[in-house]
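As numbered in my numbering, residues 619 to 1009 make up the sequence shown, in order. Note that the Cβ used here is the ideal one computed from N, Cα and C, for glycine as well. Nothing here was measured: the structure is a model prediction, and the numbers come from that model.
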Amino acid sequence: MSDIDLAILGGGLAGGLAALALKRRRPDLSVKLIEAGPRLGGEHTWSFHDTDLTPEGMALIELLISCRWPAQQVKFPAYERRLSTGYNSIASSRFHDVLMEALGASVVLGGSVEKAAPETVTLSSGETIRANAVLDCRGGVSSPHLKLGFQKFVGQELRLAAPHGLDAPIIMDATVPQLDGYRFIYVLPFDERTVLIEDTRYADGPDLPVEVFRKEIAGYAAAQGWRIDEIIREEEGVLPIALGGDIDGFWDEKLQDVDGAVARGGMRAGLFHPLTGYSLPDAVALALEIAGQDDLSAPALYNVTRGYSTRVWRERSFYRFLTRMLFLAASPENRYGVLQRFYKMPLPLIERFYAGRSSFADRARILMGKPPVPVFKAAGVMREQSVMENG
């Protein structure tokens, strides 16, 4: 006999949202959200555009939003542009507080997982939890079946000595020197004197020299005329950017600490936008899909999560093609030109792109005209598309 209906492994974005969606839609179920760390969400900031989510998705995360803005900005060597699309951020501190209040005793902190199976979880303490199903959302795993580039970043939330003067986020400032691939600065103004500054790079390798990034953040702040009074907190990460791969091979692969066909969510299910790296829209959509299921047995949940993952992977081949253009056709110091060209496009096209809902006409518009990379390299990427997509 099972101890609980569902054990969710990993209290990050995907696992936390799945638990929250089930709590609201299926309060009759017994659910455990098991997080290895001392807090849900770790040290992170997740952001999304107003147009990324359905009304149902926005309703799920409304209480989690810590800051919202009615517009956003981009800056490139050739121009600057202000976009009227609303932008939102979720701070991990708010994520933790809201979920702890909503889920209460369902949350297990400091629960490091030793082994997972479709219906059991063994913790490093030796405790075994039996469940009707297990959902593994513990973050990404390296796989020979996925061909990846890397989006790596270091961010610091800073308290400034005087107002910064921003009224909207700068989601890309690519006027900075192009180091280690496509580089831009990301700025979120939380109040008139508090900002998050992230140095982000689309790079070929995952190495993250944090001290180098810290110096660049300090240099950027100084260049804006901002004097730093306090570093409130710091976050860092290396996110996958998808160039291609075999999604079925990825799901069939045997993971070291997993025994059997265990349902997966989040990065562990390959769920992120192939080019932007945004994972929140998929985390929301899968959470709602899981919460809407009548059958949450282990085999059924595995089929739901694998089905969602493989479906959206195949639907997003166009975005992986663009990622290959960025990484394989453009030299690292000139990669910014791909995004500089893209952000001149009509706003509805940009919104649909981030949401992963680009129409046929959008795709044609993006590919129309002279590519912002050498023509012979662009042709080579096109020839290699079927090879990259099929491993």
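As an exercise, report each continuous beta strand (DSSP E) stretch of at least 3 residues that is fully enclosed by the segment 674-698, in chain order. 685-687 and 690-694
According to the neighbour-count rule (16 or more other Cβ atoms, all chains shown, within 10 Å of its Cβ), is R953 buried or exposed? buried
Under the three-state reduction of DSSP, which class applies to E745: helix, strand or coil? coil
With DSSP as the reference, identify every bridge partner of L814, one or two as the case may be. E775 and L806
Between the CA atoms of I815 and A780 - distance to the nearest angstrom: 16 Å
Where K872 sits in the DSSP three-state scheme: coil
From E810, D623 and A751, pick the residue whose C-alpha is nearest to that of G878; which is it? A751
Could you give the residue range of the alpha helix (DSSP H) that holds R938? S935 to R942
Excluding the five sequence neighbours on either side, which residues of its own chain have a C-beta within less than 6 Å of the C-beta of D623, listed in chain order? L647, S648 and N750
Do the CB positions of Q774 and I849 come within less than 8 Å of each other? yes
Select from A677, R642 and G630 the residue whose C-alpha is nearest the C-alpha of E661. G630
Looking at the secondary structure, which residues open and close the alpha helix (DSSP H) in which L906 lies? L898 to A909
If we count Cβ pairs, one from each stretch, closer than 8 Å, do we get three or more for the segment 688-697 versus the segment 949-965? yes
With DSSP as the reference, identify every bridge partner of M790, one or two as the case may be. V692
Would R643 and G910 be called neighbours here (beta carbons separated by less than 8 Å)? yes
Residues near E907 by beta carbon distance below 7 Å, same chain, minus five either side: V922 and Y926
Top-ranked residue by Cα proximity to A677, from L635, T818 and A973: L635
Taking 8 Å as the limit between beta carbons, can you name the residues of its chain near H782, skipping five residues before and five after? P807, E810, R811, V813, Q842 and W844
Rounded to whole angstroms, what's the CA-CA distance from I652 to Y838? Just pull it up for me. 39 Å
Close-in-space but distant-in-sequence residues of the same chain around L904 (CB under 6 Å, 5 per side omitted): G883 and Y926
Cα-Cα separation, T738 to R748: 5 Å
Let me know the secondary structure DSSP gives G767 once reduced to three states. strand
Proximity winner among G744, D715 and F713, relative to G729 (alpha-carbon distances): G744
Spatial neighbours of D875 within its chain, please: C-beta separation below 8 Å, excluding the five flanking residues on both sides. V731, E732, K733 and A734
In whole angstroms, what separates the C-alpha of D980 from that of G704? 21 Å
Between which residues of its own chain and A720 is the CB-CB distance below 7 Å, once the five residues before and five after are set aside? L638 and K641
Between which two residues does the alpha helix (DSSP H) holding G955 run? Y954 to F960
Out of V880, A709, G895 and A860, state which residue places its alpha-carbon closest to the alpha-carbon of I679. A709
Would you please state the rounded distance, in angstroms, between the beta carbons of G757 and R886? I believe it to be under 8 Å. 6 Å
Coil, strand or helix - E661 by DSSP: coil
So the beta strand (DSSP E) E848 belongs to, where does it begin and stop? I846 to G863
In the DSSP assignment, the beta strand (DSSP E) including S707 goes from what residue to what residue? Y705 to A709
Looking at F945 and L861, is the spacing between their C-beta atoms short of 8 Å? yes
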